[in-house]
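Let me begin by presenting the structure, written as structure tokens, before commenting on it.
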Amino acid sequence: MKRLCQRLGVSRSGYYDWLKRTPSVHVQQDAVLLTHIKRVFKASAERYGSPKVYQALRTQGVVVSQKRVARLMRENGLKARVERVYKRLSKMRAELKVLPNHRLQAPKPTGPNQQWSSDVTYIRHGHRHVFLAVIVDLWSRKIIGWALHEKLNAELSVAALYQALKQRKPKPGLILHTDRGVEFRAQAMQIWLNKFGIRHSMNRPGQCTDNAEVESFFKTLKSELIYENYFPTVSALRDQISRYIRNFYNKVRLHSSLNYVSPIQFEHAA
């Protein structure tokens, strides 16, 4: 200890006096705040970065700046799951009748079951791919239907649609927006849409941003659940996706587009 103090240029008495010193008020406040941050971070399954942790603390009545939350998370190695970019698999396309993009002319939804959006993405599972279809209510961003299959076909899109129809029971006139994939243009899908009086809207050619809300969900799902996790079977993957959507994404996860509340909280408040 004597040599260490000499090397640092401090006296031994000064060092021992420093050890006995009570931590400053600022340090004590940081310690208390860190316990709140760790609680929120753990509750999100380490999915929240500092902006969402900050918003969650605000809703709980904790007064703090976003910069301070970011600093404490950085200093303590609390880092949200890293986002990973997934290349889009090229989908099969057919020479199909072009449907208009009804979303371009439609006003922004003001309630549930006015505009839905659907798309399909792939998830790598071992040496193959499985396919996930989801349906989002564009008013609340709630996932209202989804299906996971090992083949990309109309059965996948119809299964997701059936789940959404069963849950929401929409009135005729609803707009369902999709891309131009054959899984959405298939006759089986069109039969269901016509039966419930649903207007089918489609992306403009080469404009994937027309379906940005679903693309955003896929990015979030893969970043927060799929990336760096192992699922031994497709059944296990399906179970974890179900838990994520039901217990976290719809119920708890804060959405900046909804003024930092979850889809279910948004719907209940409205």
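Per numbering that gives the first Met the number 0, the sequence shown starts with residue 0, numbered consecutively. Backbone N, C-alpha and C fix where the C-beta goes; we use that ideal spot for every residue, glycine too. From a predicted model like this one, the values you see are computed outputs, not experimental measurements.
- Message: Let me confirm a value: proline 262 is counted as buried when at least 16 other C-beta atoms fall within 10 Å, else exposed. Which label applies?
- Response: buried
- Under three-state DSSP, which class holds serine 12? helix
- Cβ neighbour criterion (16 or more within 10 Å) applied to alanine 132: buried
- Query: How would you label glycine 60, buried or exposed, when you count the other beta carbons within 10 angstroms and need 16 or more for buried?
  - Reply: exposed
- Item | CA-to-CA distance, isoleucine 225 to arginine 73, given in whole angstroms | 24 angstroms
- Task: Report, in whole angstroms, the separation of the C-beta atoms of valine 233 and valine 157, which I expect to be a contact under 8 angstroms.
- Result: Not quite, the Cβ-Cβ distance comes to about 19 angstroms (not below 8 angstroms), so this is no contact.
- Assign alanine 44 to one of three DSSP states: helix, strand, or coil. coil
- Task: Could you tell me if leucine 103 is buried or exposed, where buried requires 16 or more neighbouring beta carbons within 10 angstroms of its beta carbon?
- Result: exposed
- Runs of beta strand (DSSP E) lying entirely within the region 159–218, each at least 3 residues, in chain order: 174–177, 198–201
- Message: Quick check: the Cα distance between valine 181 and valine 135, rounded to an integer number of angstroms?
- Response: 19 angstroms
- Task: Please state whether DSSP places serine 64 in a helix, a strand or coil.
- Result: coil
- Which class does glutamine 28 belong to by DSSP, given the choice of helix, strand or coil? helix
- Looking at C-alpha atoms only, which residue of Gly172, Ile143, Leu253, Ala185 is the closest neighbour of asparagine 152? Ala185
- Message: As an exercise, report each continuous beta strand (DSSP E) stretch of at least 3 residues that is fully enclosed by the region 124–151, in chain order.
- Response: 127–136, 141–148
- Own chain partners of alanine 93 with C-beta closer than 7 angstroms, once the 5 adjacent residues on each side are dropped: Only weak support is given to the placement of alanine 93: the predicted model assigns it a pLDDT of 45, under 50, and the question is left unresolved by the model.
- Terminal residues of the alpha helix (DSSP H) in which glutamine 264 lies: 262–268
- What's the call for histidine 254, buried or exposed, on a 16-neighbour Cβ count within 10 Å? buried
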